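Engineer: Residue numbers (this note's numbering): 6 to 50.
No residue lacks a Cβ here, since even glycine has one placed at the ideal position from N, Cα and C.
Quick caveat, the model's predicted, so the values are computed rather than measured.
Please see the structure below; I have some questions.
If you want it as structure tokens, here you go:
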């Protein structure tokens with residue numbers, strides 16, 4: 006699989022980025038490890 010992502014994701018998905026209105030980055034959970042695990046709030050259009 007090479008560089009494919011294998012983690013579980015339980016979030017909501019959109020078909021295209023244009024469906025996302027505004028978003029607020031709440032927290033990067035693992036910055037000290039150089040890993041971006043982001044917690045965000047979004048407004049779908």
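With a Cβ-Cβ cutoff of 7 Å, do residue 48 and residue 27 count as a contact?
Structural biologist: Their beta carbons are under 7 Å apart, which means residue 48 touches residue 27 by this criterion.
Engineer: Bridge partners of residue 31, per DSSP?
Structural biologist: DSSP, once it has assigned bridges, lists no residue as partnering residue 31.
Engineer: In chain order, what residues of the same chain lie with their CB nearer than 7 Å to the CB of residue 39, ignoring the 5 residues before and after it?
Structural biologist: So no residue of the chain qualifies.
Engineer: Leaving out the 5 sequence neighbours to the left and right, which residues in its chain are closer than 7 Å to residue 31 when beta-carbon positions are compared?
Structural biologist: Counting only Cβ-Cβ distances below 7 Å, and skipping sequence neighbours, we find 44, 45, 46.
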